[in-house]
Amino acid sequence: MKIKGSQIIVESLIKENVEYMFGYPGGVVIPIFHELYNAPIKFILSRHEQGAIHAADGYARASGKTGVVLATSGPGATNLVTGIATAHLDSVPIVAITGQVSTNLIGNDAFQEVDIIGITRPITKHNYLVQDIKDLAKIIKEAFHIASTGRPGPVVIDVPVDISNSMHNFEYPSTVSIRGYKPTYDGHTGQISKACKLIEASKKPIIYAGGGIVISNSSDELREFVKKTGIPVTTTLLGMGVYPETDNLSMNMLGMHGTYYANYAVHHSDLLIAIGARFDDRVTGKISDFIPHAKVIHIDIDPASVSKNVLVDIPIVGDCKKILKMMNKEINPPKIDEWVEELIKVKKDHPLQYDMKDGGEIKPQYVVEQFYELTEGKAVITTEVGQNQMWAAQFFKYTEPRTFISSGGLGTMGYGLPAAIGAQLARPDRRVIDIAGDGSIQMNIQELIVAAQHKLPIIIAILNNGFLGMVRQWQQLFWDKRYSHTCIDFAPDFIKLAEAYGCEGIMVTEQKEVAPAIKKALKITDKPIIIDFKVSKEENVYPMVPAGKTLKDIIMRELA
Amino acid sequence: MSQHIISVKVENKFGVLARVAGLFSARGYNIDSLAVSKTEDDDISIMTIVVKGDDRIIEQVKKQLHKLIDIIKVSDHSQQASIKRELALIKLNCTAAKRGEVLQLATLFGAEVADISLKTITFSVDGDSGKIDRFIELAAPYGIKESMRTGLVSILKEKD
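First to last, the sequence lines map onto chains A and B.
456 is the number of the first residue of the first sequence in the numbering used here; add one for each residue after it.
5 is the number of the first residue of the second sequence in the numbering used here; add one for each residue after it.
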């Protein structure tokens, strides 16, 4: 029996077990929306396509499933671009379906026509323009396969409206075979043995764990590896939670705003064991001075990440989970008691800290800490980008993977609120808290109504300092304190705004109100809550290794 | 900056050339020459890309090329024994008086006369890049009116 292309799309999504879908209608996707009307897929209507794709991204990161988004041609498609790039840099599995003008109009500057395939080529793992209805089901099958396997990433399927409207038999392929795409999953056994020997002989090893461990669901294997070897762990921003930050051997986050002790450990190590991480410049600082004494083992599924920025001694390409499992069978613990003692002492001597006087200004770090205390760490945190993101990373202790959701690679402001919507749908059992700044939150504030409509009890914690704080911090430290266009204290009344959107608004201006406000918010379970924390205006994020500098240039907080 | 001859087997689909070219252009690399053609298999095309670049970055580009879904195989012919050919069309200013001299030079290079007019003569010459460079160099004093070359194609030598 022949069915319409639009039906093929929806039937294929059902075959892929898509539970939630995010998006926004428009002219050329009406046929697809027509089929969604009665489909057993929960469609979340965003208020801007960027909101839809970040929500799909948050859903994907929180659940481990593929996020699905649907938008129309032209501006609908271009509004997805920031979200596609966000997912691309952080390896998030997304299938984005865009409508396209009719095939006979392509290239004609037709109404709402853009070459979204051309635009998204460098920011997708792959993309497809459907030119023939007979390929449609196969393309959808391939798109889900490509998005979610190997190093995951976004895949765009551009569907001209005449394809949606034409008829074809529907048969969803059961298998995929793409000769140019065969990710390597099994690590090379010889390399694994070599790595184990190097680890056993090392005196100052450190594990540098990244988002690849989250993606491959290998947090348990990592924990076992640490248990077996006693090697301390530092994580990247995207790796947070893969190893409990409450443990002695956790060195917390490394890099530009990482802890002193994480950066100390990496700098002084004789062996860096990188697992599912990619040596981003925010991690390495000045690359020529990074790990001056260390050999490098690099475990990653993406061969293009190996020896990209830092030359690797023992590369192992494959799935982190499989490789760690094999290593756990083979590894003997190295003798590193002195090293571990040294690191634990450095950790004790140089903790993350901030300075708050009783009754004085509210420090943003304190707010984050209070969220940790009052949720007992059992929350999913999303962040915006900037100081709020770094404080959320530093002062909440993550003990499980997929509980810290943040735009790491692209650093997309406006990510946190829509991502929180996706995360809350994926994790109805957990409170989702968007740690936001007063700048970032305004970038996708329209999505608040989506959270309210679906009665999602997301807490939006605005660390309101009246500034685009991270840029202001750079201006203060490196640009002669010329706060050029970073002061945003001409701001909306966030409490009224919350009310206008059908949310609860709580204003907090004093320290003693912080905990009660959070407790009050946690009791509300049927709508989003904005808490407007008026925090210290010129608080900085420390420690800080300035861009392109090394550990010896680290700026520490000076306590009064 | 050294020269690399990268041979890429790709799916014969639209858009593949743009994906491949994009990886070079995103790094600010100008492709010196590019040849794309069909192969013995209708579904596969071959691209031969000649590019100058830092070895490490080219290595990275090759890995990135390999990551593209439509790319089947990537090999660097600069470090392997291969047969390399390109074709040039060269239009020289040449009146009847100089014809004999010019034809003598052409014979040495096995260049064919592709067209002849009262004031010009056009040669077609093929071979490796060095041979064509040399022919152009020696023909230059007669006055090159127009000259163009195809991209290099390269096929690996068989080992016995």
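For glycine and all other residues, C-beta sits at the position ideal for the given N, C-alpha and C.
None of these values were measured; they are calculated from a predicted model.
Q.
Rounded to the nearest angstrom, what separates ALA874(A) and GLY522(A) at their Cα positions?
A. 11 Å
Q: Would you tell me roughly how many angstroms separate the C-alpha atoms of ASP130(B) and GLU44(B), rounded to the nearest one?
A: 22 Å
**Q.** Per-residue DSSP class, three states only, for ASP137(B)
**A.** helix
(Q) Using C-beta distances below 6 Å, list every residue in its chain close to PHE859(A), excluding the 5 sequence neighbours before and after it, in chain order. (A) MET695, GLY696, ILE836 and TYR853
Q: Thinking ALA891(A) and ILE917(A) are a contact (beta carbons under 8 Å), I'd like their distance in whole angstroms, please.
A: 5 Å
Q: Rank THR714(A), LYS750(A) and VAL840(A) by C-alpha distance to the C-alpha of HIS805(A) and give the top, closest one.
A: THR714(A)
Q: Pull out every residue of the stretch 635-653 of chain A whose Cβ sits closer than 8 Å to any Cβ of chain B, in chain order.
A: GLY635 and TYR636
Q: Could you name the residues of chain B that ALA551(A) contacts, counting a contact when the two beta carbons are closer than 7 Å?
A: Under the 7 Å cutoff, chain B gives no residues; its nearest Cβ is about 16 Å from ALA551(A).
Q: Kindly say whether ILE62(B), judged by its beta-carbon, lies nearer than 8 Å to any beta-carbon of chain A.
A: no
(Q) Within a Cβ cutoff of 7 Å, which residues of the same chain sit near ILE633(A), ignoring the five residues on either side of it in sequence? (A) GLU597
**Q.** Minimum C-alpha distance to VAL795(A) - residue among LEU704(A), THR541(A), ILE574(A) and GLU471(A)
**A.** LEU704(A)
Q: Taking the CB atoms as reference points, tell me whether ASN920(A) and GLU994(A) lie closer together than 8 Å.
A: yes
Q: Pull up the DSSP beta-bridge partners for LYS784(A), would you.
A: BP columns for LYS784(A) are empty, so no partner.
Q | Secondary structure, alpha helix (DSSP H): runs of 4+ residues fully inside the stretch 662-720 of chain A | A | 666-670 and 674-684
Q.
If you reduce the DSSP assignment to three classes, tell me which class GLU655(A) lands in.
A. helix
Q.
Let me confirm a value: PRO145(B) is counted as buried when at least 16 other C-beta atoms fall within 10 Å, else exposed. Which label applies?
A. exposed
Q: Express the C-alpha separation of ASP74(B) and VAL20(B) in angstroms, rounding to a whole number.
A: 7 Å
Q: Spatial neighbours of GLY894(A) within its chain, please: CB distance less than 6 Å, with the 5 preceding and 5 following residues excluded, ordered by chain position.
A: LEU923 and ILE943
Q: Evaluate contact between the stretch 999-1015 of chain A and the stretch 56-72 of chain B, counting only Cβ atoms and requiring at least three cross-stretch pairs below 8 Å.
A: no
Q) What's the C-alpha gap between ILE670(A) and GLY731(A)? A) 9 Å
Q.
Any beta carbon of chain A sitting closer than 8 Å to that of ARG23(B)?
A. yes
Q: Look up ASN97(B) in the DSSP assignment and say whether it is helix, strand or coil.
A: strand
Q: Would you tell me roughly how many angstroms separate the C-alpha atoms of ALA22(B) and ASN582(A), rounded to the nearest one?
A: 12 Å
Q) Within the present structure, is the beta-carbon of GLY877(A) separated from the nearest heavy atom of the ligand ADP by less than 7 Å? A) The ligand ADP is absent from the structure shown, which contains no ligands of any kind.
Q) Exposed or buried, THR111(B), counting other C-beta atoms within 10 Å across all chains shown (16 or more means buried)? A) exposed
Q) To the nearest whole angstrom, what separates the beta carbons of VAL614(A) and GLN555(A), a pair I think is in contact under 8 Å? A) 6 Å
**Q.** First through last residue of the alpha helix (DSSP H) which encompasses MET845(A)
**A.** 842-850
Q) Within 8 Å (strictly less), CB to CB, does LYS763(A) reach chain B? A) yes
Q) Cα separation between THR867(A) and THR838(A)? A) 10 Å
Q: Taking all protein chains shown into account, decide if ALA881(A) is buried (16 or more other Cβ within 10 angstroms of its Cβ) or exposed.
A: buried
Q: Using only alpha-carbon positions, find the residue among THR980(A), ALA953(A), ASP987(A) and ILE979(A) that is nearest to VAL969(A).
A: ASP987(A)
Q: May I ask you to verify whether the stretch 974-983 of chain A touches the stretch 936-950 of chain A, counting CB pairs closer than 8 Å and requiring at least 3?
A: no
Q.
Could you check whether the Cβ of ILE572(A) sits closer than 8 Å to any Cβ belonging to chain B?
A. yes
Q) What residues of chain A sit near ILE75(B), judged by a beta carbon separation below 8 Å? A) GLY635
Q: Using a threshold of 8 Å, state whether the C-beta atoms of ASP545(A) and SER862(A) are closer than that.
A: yes
Q) Is DSSP giving ASP641(A) helix, strand or coil here? A) coil
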